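Worksheet: one structure, shown below.
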Amino acid sequence: MLQVDQAPAHTSSAIRWQEFIIPLFQPPSAPELNPIERLWQLLKKPLKNQLFSSLQTLRVGLARRRHRIQEIFDQLTLEQVISIFSKLFSMQLHIKLVLVSKLF
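Shown next as structure tokens:
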């Protein structure tokens with residue numbers, strides 16, 4: 004089973020899933036079903052809406068972002084980590100329920 008969001012790259016008719024892979028498409032905008040989405044939200048917020056006037060400024064900006072991302076990771080509190088992954092077990096239960104419902 005492979006849990007994927009509904010990004011166009013994941014839902015294209017050109018994708019040929021191998022028979023042993025069962026794609027489980029999560030609903031659009033459902034970060035509670037995918038814990039990494041909460042982490043992406045924390046990482047993207049301070050890095051949004053940046054414009055670069057040249058390739059060199061892009062390179063400098065990317066280097067700064069790498070350092071900023073490390074700072075964000077370093078500043079994560081235990082409560083934030085718990086929040087990010089708190090839905091993991093309920094997600095596993097949700098997957099089992101979806102699989103059972105597909106059997107009937």
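When we follow the numbering used here, the leftmost residue of the sequence shown carries the number 4, and every step to the right adds one.
Where a beta carbon is used, it is the ideal one built from N, C-alpha and C, also for glycine.
All figures in this text were calculated on a predicted structure; none of them were measured in a lab.
Assuming contact is defined by CB atoms lying nearer than 8 Å, are residue i and residue j in contact in what I supplied?
i: I85; j: L46; result: no
i: L42; j: I24; result: no
i: G64; j: F76; result: no
i: P11; j: W20; result: no
Using DSSP's beta-bridge definition, name the partner residues of residue i.
i: P30; result: Looking at the DSSP assignment, P30 forms no beta bridge with any residue, so it has no partner.
i: Q159; result: It is not possible to answer for residue 159, since the shown part of the chain is limited to 4 through 107.
Tell me which residue opens and which closes the alpha helix (DSSP H) that residue i is part of.
i: A17; result: Run containing A17: none; DSSP gives neither H nor E here.
Report the residue ranges of all alpha helix (DSSP H) runs contained in full by the stretch 41–87; include only those spanning at least 4 residues, in chain order. Whole alpha helix (DSSP H) segments, 4+ residues: 58–78.
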